[in-house]
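S.K.: Questions regarding the structure given below will be posed in turn.
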Amino acid sequence: MQFIDLQAQQNTIRSKLDKSIKGVLDHGKYIMGPEVEELEKQLAHFCGAKHAITCSSGTDALLMILMAKGIGPGDAVFVPSFTFAATAEVVAFLGAHPVFVDVLPDTFNMDPESLKAGILRAREEGLKLKAIIAVDLFGQPADYDQINVIAEENGLWVLADAAQSFGATYKGRKVGTLGLATATSFFPAKPLGCYGDGGCIFTDDDNLAEVIRSIRVHGKGSDKYDNVRIGVNGRLDTLQAAILLEKLKIFPKELEARQRSADLYTNALKDYVQTPMLLEGVTSAWAQYTLVLKEETDRQALQDALKDQGIPTVVYYVKPLDQQTAYKGCLKAGNLSVSDTLSKRVLSLPMHGYLKEEDQQRVIEVFIQHMEKN
Ligand SMILES: *Cc1c(COP(=O)(O)O)cnc(C)c1O
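So this is what it looks like as structure tokens:
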């Protein structure tokens with residue numbers, strides 16, 4: 137059993153992938169070829185955002201948005217501590233200050249009260265309050281209504297780190313439209329993944345989109361040899377765009393399959409552990425199906441028991457960012473105890489769009505057997 141079975145997905149569309157890859161090899165426009173433009177059109181349409189700007193990775197998507205907004209030394213950007221490193225890394229990379237905020241124990245997303253505490257701390261330190269990066273952890277959108285209110289009250293703008301949540305919805309709106317700008321990732325294991333690195337930026341802001349398009353190609357002006365600002369090389373390869381165009385066609389079906397798999401796990405396991413909680417009116421892209429074990433459960437022993445039966449599990453995340461070496465000196469909203477507790481008790485089970493019910497039943501059986509014995 138695979139934790140994320142990319143081969144099963146490939147088997148269903150292999151001949152179409154071969155054809156679209158061949159198409160790129162035939163026309164030879166490897167950089168910014170026609171597939172890139174077509175993909176951007178389709179991605180924007182998929183989520184209802186005005187602009188979709190594909191790019192080289194989810195990390196670069198975050199970075200280019202912050203660059204376009206001029207984030208730099210002296211600026212405070214609020215980020216959850218319980219997330220993947222890239223969320224805070226891009227802030228520090230630009231010389232700004234990531235301010236770590238705690239998350240909620242049930243949704244694993246940014247805690248509005250902790251965000252308010254972080255804002256006070258950053259103000260005391262004399263930092264310029266600039267932005268909030270809300271992360272849609274494991275595929276569920278953060279609580280944007282609450283976060284946007286706090287942002288407005290404090291003159292901040294919101295960047296949605298949707299690396300794990302493309303395809304999810306929040307109160308009738310799709311991910312891609314929930315902040316001033318949204319960053320997603322097409323890393324192979326994400327809900328919509330390519331066969332290498334890739335990402336996309338979404339925004340409804342025409343001016344911001346124009347600046348990001350310039351930053352994506354070394355800060356180009358109207359002519360590519362007249363650079364008007366500092367940029368990066370942040371483009372998505374045409375080959376990856378061609379692959380994503382095929383994968384996007386089957387993506388809605390895969391999202392439904394992930395939801396069915398999540399429901400099956402939850403119904404079977406809810407009496408044994410804390411199963412994932414979705415907010416009212418919110419759907420998840422189920423990048424991960426993540427449980428919170430009881431304090432007394434020996435997580436390693438459970439993982440070993442599952443592994444013995446050929447069932448892979450992963451801990452996302454073993455260490456909150458504020459406790460990691462690179463970020464130890466950074467400002468924190470408080471003691472971030474929820475992030476700390478979650479890092480000790482979460483466990484993610486196999487989850488993808490091709491999970492067989494019989495495989496899930498085996499996961500459930502071994503899981504429950506172990507819980508009842510221990
Ligand atoms: C994967 C991920 C990223 C980075 O995406 P890459 O495409 O790997 O650069 C950023 N934020 C979160 C929350 C992620 O899970």
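Using the working numbering, read the sequence shown as starting at 137 and increasing by one per residue.
No residue lacks a Cβ here, since even glycine has one placed at the ideal position from N, Cα and C.
1. Exposed or buried, which one is Ser-473 when buried takes at least 16 other CB atoms within 10 Å?
2. Does Gly-367 pass the burial test, meaning 16 or more other C-beta atoms within 10 Å, or should it be called exposed?
3. Alpha helix (DSSP H) containing Ala-204: first to last residue?
4. So, using beta-carbon positions, are Ile-201 and Leu-295 closer together than 8 Å?
5. In whole angstroms, give me the CA-to-CA distance for Leu-457 and His-163.
6. Looking at C-alpha atoms only, which residue of Met-487, Leu-384, Ala-304 and Leu-314 is the closest neighbour of Arg-394?
7. Would you give the residue range spanned by the alpha helix (DSSP H) that Cys-183 belongs to?
8. Going by other Cβ atoms of all chains shown within 10 Å of its Cβ, with 16 needed for buried, is Tyr-490 buried or exposed?
9. Quick check: does the Cβ of Ser-479 come within less than 7 Å of any heavy atom belonging to ligand 1?
10. With H, G and I counted as helix, E and B as strand and the rest as coil, what does DSSP make of Ser-350?
11. What is the DSSP secondary structure of Phe-302, counted as helix, strand or coil?
12. Judging by CA-CA distance, which residue of Ala-267, Gln-439 and Asp-297 is the nearest neighbour of Met-507?
13. Quick one: is the Cβ of Gln-300 within less than 7 Å of any heavy atom of ligand 1?
14. So, helix, strand or coil for Asn-403, using DSSP?
15. Is the separation between the beta-carbon of Ala-469 and that of Val-235 shorter than 8 Å?
16. Can you tell me the Cβ-Cβ gap for Ala-232 and Asp-211, rounded? I've got them flagged as a contact below 8 Å.
17. Count Cβ pairs between the region 338-354 and the region 316-325 that sit closer than 8 Å; are there 3 or more?
18. Within this structure, are the beta carbons of Gln-424 and Tyr-452 separated by less than 8 Å?
19. Please look up how many angstroms separate the CB atoms of Lys-252 and Ile-286, rounded, as I've assumed it's under 8 Å.
20. Write down every uninterrupted run of the beta strand (DSSP E) in the region 204-264 whose length is 3 residues or greater and which is fully enclosed by it, in chain order.
21. Only counting the same chain, and skipping five residues up and downstream in sequence, which positions put a Cβ closer than 7 Å to that of Lys-159?
M.R.: By the coordinates alone:
1. exposed
2. buried
3. 194-204
4. yes
5. 44 Å
6. Met-487
7. 170-183
8. buried
9. no
10. helix
11. coil
12. Gln-439
13. yes
14. helix
15. yes
16. 4 Å
17. yes
18. yes
19. 6 Å
20. 211-216 and 233-237
21. In the sequence on display, residue 159 carries Gly and not Lys. If we look at Gly-159 and ignore the five residues flanking it on each side, its Cβ neighbours are Ala-378.
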